[in-house]
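Residue numbers (our numbering), protein chains in the order written: chain A, 20 to 103; chain B, 102 to 712.
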């Protein structure tokens, strides 16, 4: 069964599908994330999850981005079947 | 002269292409009020055309005031009849990231009837990994010519020149389907096109991730981070120090050769102390600025800088800063001037401002002679714990730690009380692939930054240095500093410093240290009649120890210098970089007041303890 989480809760190696953004994230930031490729429906892989709460590293399409919890907690995702 | 706009998203290799097309003949100008460079240079192959290098941006839909200025500037440039065409650079290895921006640029060019050519850069990287890009398909889908190139190897550059040399098409009606498309449709379009025409697979990301597993690992990442930062810091001293000495030596040599040839004593003194002293006051910083900009350029180009920002982000966020603040703050331990330049890399205007505020509290090298003098004069030379801990060393560590802690506390406090005052951008950082840096553009950038410092800040620093010289020289022609205008000024300001147990002589030394902190030592030497105090502190230390200056006053001076923004060079460059004289003035007054109150507190508390 698919599990709904936030992007921030992923561990290194986890794959997920973006479901959307919550309302707490400002509209302009949502747009910027979508410009970077974080569209609803897009597959994202968590590449690195460094210790001590440091920003995590995500792959979307062929590009790698680092997001901190202030942003990533507002992106809702569904873990892909491969992780379950 | 016709102009060509070069535009592209960050990390698309735009600067390398600019340098290749113009032969590194870049002229850099700032947007008014923001810290983004617009470079321009004549095309080497077509010298009657000028290439204008716009700052890299991810989108024409701005999310900060700064981006808005850059986007407005681009849109106004498109309306300029002298602008004949646009070159839009995309990173062929990461197509989706670049395509939305490209579609927006194509739309704006269509609206303004400007020709646009898309340059798919980094084709060599794709080929090296056995990947490809459907250039023809992409070109057809974009309704725009797409040229595959490699700015690094030069492949495809001849075709770019041919395209730029070709006569422009006759003006035609804009194509409605391109002109009217809203951003929301373009986003979906970019996504679709990237999947259809972009390289298949993620082999590049996987090789990047292997290195990230090392550089971002809790243990190996931490070790490598400290090692790299140590080397960065060392490079400022080991590479810049000999050149700084050479600059000082050369100026002294020139002064010694020139001054005896001059007849009038005032002219002699002016040339020797004010002219050469004034020029030396800012030229001596140039090697540091060059070396630091060069090393930071290497880190940026190699892709490591983004990783360093990521590692430092969490602890610095507690104080309202960002991971990108770390390098400027670390640089500030050597010198605040290159540190302020380094803060340009911070994309959030709010966090850049907070970084500006933190930098002057980093214990820069100019404070070292002051600390050394005061610690030697007031802290006993003994050791504790079986010789393991020296009191003077501990005091030096303590005052360095105090400065850094104050920097973080002040930014933390200002961040909390000014939460909504400046535009912020979220921490979404693109991690570019690891690359071997190209040396030429980095050297050119370091050179431009050094030149900017000399031409912009140099005038202010020189003027202030000359002014202080005039005050100290007249009306008795340098015979007695105590009887000069500066001496009189010292008596006037004495009531300000007397609550700290300091008389007019220390007031004068504090005033002259506004030119540069280390001048404090030389001025005290002059006032006390001790020759060469700059080079040999011992007689000055003994003189202070023999005077009736209290321990509390010595500690108060230490704390005062740790906080006060006593550096005209820093203020000059801060005003230029922040484009805000009001901020600079507020910072100067704010740090002076804070330094004074903290010093007073230390003086009073020490008095209560020691008696």
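Every residue, glycine too, gets a C-beta built ideally from N, C-alpha and C.
*Would residue 156 of chain B be called buried (16 or more neighbouring beta carbons within 10 Å of its own) or exposed?*
buried
*Span separating the alpha-carbon of residue 679 of chain B from that of residue 300 of chain B*: Near 41 Å, if we compare the C-alpha coordinates of residue 300 of chain B and residue 679 of chain B.
_Given this structure, state the Cα-to-Cα distance separating residue 295 of chain B from residue 225 of chain B, to the nearest angstrom._
19 Å
*asked:* Determine, for residue 116 of chain B, whether the minimum Cβ-Cβ distance to residues of chain A falls below 7 Å.
replied: no
*Distance, Cα to Cα, residue 163 of chain B vs residue 536 of chain B?*
29 Å
*Would you kindly work out how many angstroms separate the C-alpha atoms of residue 617 of chain B and residue 189 of chain B, rounded to a whole number?*
Roughly 46 Å separates the two Cα atoms.
*asked:* In this structure, how does DSSP classify residue 331 of chain B when only helix, strand and coil are distinguished?
replied: Three-state DSSP puts residue 331 of chain B in a helix.
*Would you decide whether residue 794 of chain B is buried or exposed? Buried here means 16 or more other CB atoms lie within 10 Å of its CB.*
Not covered by the structure: residue 794 of chain B. The range shown for chain B is 102 to 712.
*Tell me, which residues are paired with residue 233 of chain B by DSSP?*
Its beta-bridge partners do not exist; DSSP assigns none.
*Can you name the residues of chain B whose CB is closer than 9 Å to the CB of residue 86 of chain A?*
527, 528, 529 and 530
*In three-state DSSP terms, what is residue 23 of chain A?*
strand
_Give me, in chain order, the residues of the same chain whose beta-carbon lies closer than 6 Å to that of residue 187 of chain B; leave out the 5 immediate sequence neighbours on both sides._
106, 210, 215 and 217
_Considering Cα atoms alone, identify which of B/667, B/192 and B/286 is closest to residue 534 of chain B._
B/192
_Separation of residue 440 of chain B from residue 400 of chain B, as counted between CA atoms_ = Between the C-alpha atoms of residue 400 of chain B and residue 440 of chain B there is a straight-line separation of about 15 Å.
*Would you tell me roughly how many angstroms separate the C-alpha atoms of residue 642 of chain B and residue 422 of chain B, rounded to the nearest one?*
39 Å
*Excluding the 5 residues preceding and the 5 following residue 30 of chain A in the sequence, name in chain order all residues of the same chain whose CB lies nearer than 6 Å to its CB.*
68
*Considering residue 531 of chain B, what are the terminal residues of the beta strand (DSSP E) in which it resides?*
529–531
_Extent of the continuous alpha helix (DSSP H) to which residue 719 of chain B belongs_ = No answer is possible for residue 719 of chain B: the residues shown for chain B start at 102 and end at 712.
*Which residues bound the alpha helix (DSSP H) around residue 478 of chain B?*
469–479
_Using 8 Å as the cut-off, can you tell me whether the segment 402–415 of chain B makes contact with the segment 323–334 of chain B, which would need three or more C-beta pairs spanning the two stretches below that distance?_
yes
*Following the continuous beta strand (DSSP E) through residue 216 of chain B, name the residue where it begins and the one where it ends.*
216–222
*In terms of alpha-carbon separation, which member of B/151, B/574, B/102 and B/108 lies closest to residue 124 of chain B?*
B/151
*asked:* Using the Cβ count rule (16 or more neighbours within 10 Å means buried), how would you classify residue 244 of chain B?
replied: exposed
*When DSSP labels each residue in this structure, what does residue 615 of chain B get in the three-state scheme?*
coil
_Below 6 Å, is the gap between the Cβ of residue 661 of chain B and the nearest heavy atom of the ligand FMN?_
In the structure on display, the ligand FMN does not appear, and there are no ligands present to speak of.
*Below 7 Å CB to CB, which residues in the same chain sit around residue 156 of chain A once its five sequence neighbours on both sides are set aside?*
Chain A is shown only over 20 to 103; residue 156 of chain A falls outside these bounds and no answer can be derived.
*May I ask which residues mark the beginning and end of the beta strand (DSSP E) holding residue 30 of chain A?*
Where residue 30 of chain A is concerned, there is no enclosing beta strand (DSSP E), given that its DSSP letter is neither H nor E.
*Which first and last residues belong to the alpha helix (DSSP H) in which residue 208 of chain B is found?*
Boundaries of the alpha helix (DSSP H) around residue 208 of chain B: 196–213.
*Taking a cut of 8 Å between CB atoms, which residues from the segment 297–311 of chain B lie near chain A?*
299, 300, 303, 305, 306, 309 and 310
*Roughly how far, in whole angstroms, is the beta-carbon of residue 516 of chain B from the beta-carbon of residue 621 of chain B, given that I think they are within contact range, below 8 Å?*
Residue 516 of chain B to residue 621 of chain B, Cβ: 31 Å. No contact.
*Count the other CB atoms within 10 Å of the CB of residue 237 of chain B; is the residue buried (16 or more) or exposed (fewer)?*
Its Cβ having fewer than 16 others within 10 Å, residue 237 of chain B is exposed.
*Within 7 Å, strictly: CB atoms of residue 529 of chain B and residue 86 of chain A*: Closer than 7 Å, so yes.
*Environment of residue 665 of chain B [buried if 16+ CB atoms lie within 10 Å]*: Burial call: buried.
*asked:* Helix, strand or coil, according to DSSP, for residue 185 of chain B in the structure here?
replied: strand
_Range of the contiguous alpha helix (DSSP H) that encloses residue 98 of chain A_ = Note, residue 98 of chain A: premise wrong, no alpha helix (DSSP H); beta strand (DSSP E) at 94–98.
_Backbone secondary structure at residue 256 of chain B - three-state DSSP_ = coil
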